[in-house]
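S.K.:
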Amino acid sequence: VNPDCKTLDVQPREGEGIGLVEAPRGLLLYHIWSDNEGLCEKANLLVATNHNIAGIEKTLMHVAKQIFEDNVLDSLKLPEPWIK
Numbered sequence: 003v004n005p006d007c008k009t010l011d012v013q014p015r016e017g018e019g020i021g022l023v024e025a026p027r028g029l030l031l032y033h034i035w036s037d038n039e040g041l042c043e044k045a046n047l048l049v050a051t052n053h054n055i056a057g058i059e060k061t062l063m064h065v066a067k068q069i070f071e072d073n074v075l076d077s078l079k080l081p082e083p084w085i086k
């Protein structure tokens with residue numbers, strides 16, 4: 003603990019709060035409930051994956067179609083056979 007760091011005299015209590023922060027992978031949205039001691043009872047997090055899942059799913063569906071229906075892997079020209 004840094005002695006130069008000042009803290010507020012806060013009395014814990016029951017409550018809830020929401021927040022939104024920007025993180026390297028995208029936005030983090032959270033909703034937190036605390037008990038009368040200030041401890042987290044429940045937390046609901048919406049992470050960047052939740053925000054981006056529609057685009058990720060669309061891309062995966064497109065690539066899967068190319069691999070399994072259009073057989074794009076068969077058109078790859080590989081060099082000499084692999085040596086094991």
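All letters in the sequence shown, in the order written, are residues 3 to 86 by the numbering used here.
Beta carbons: idealized from backbone N, C-alpha and C, even for Gly.
Would you check if the distance between the CB atom of residue 91 and the CB atom of residue 28 is smaller than 7 Å?
M.R.: Summary: the structure shown does not reach residue 91, with the chain confined to residues 3 through 86, and so no result is reported for it.
S.K.: Which residue's Cα is closest to the Cα of residue 48: 10, 11, 59, 23?
M.R.: As a working note, residue 48 is residue 46 in the sequence shown. It is 23 whose Cα lies nearest to the Cα of residue 48.
S.K.: By alpha-carbon positions, which one of 14, 81, 51 ends up nearest to residue 36?
M.R.: Taking the first residue of the sequence shown as 1, we reach residue 36 at position 34. Comparing Cα-Cα distances from residue 36 to each of 14, 81, 51, the minimum goes to 14.
S.K.: Taking the Cβ atom as the reference point for each residue, do residue 32 and residue 21 lie within a distance shorter than 7 Å?
M.R.: Counting from 1 along the sequence shown, the entry for residue 32 is found at position 30. Counting from 1 along the sequence shown, the entry for residue 21 is found at position 19. For residue 32 and residue 21, yes; Cβs fall inside 7 Å.
S.K.: Going by beta-carbon coordinates alone, are residue 34 and residue 50 separated by less than 7 Å?
M.R.: Taking the sequence shown and counting its residues from 1, one reaches residue 34 at position 32. Taking the sequence shown and counting its residues from 1, one reaches residue 50 at position 48. In this structure, residue 50 does not lie closer than 7 Å to residue 34 by Cβ.
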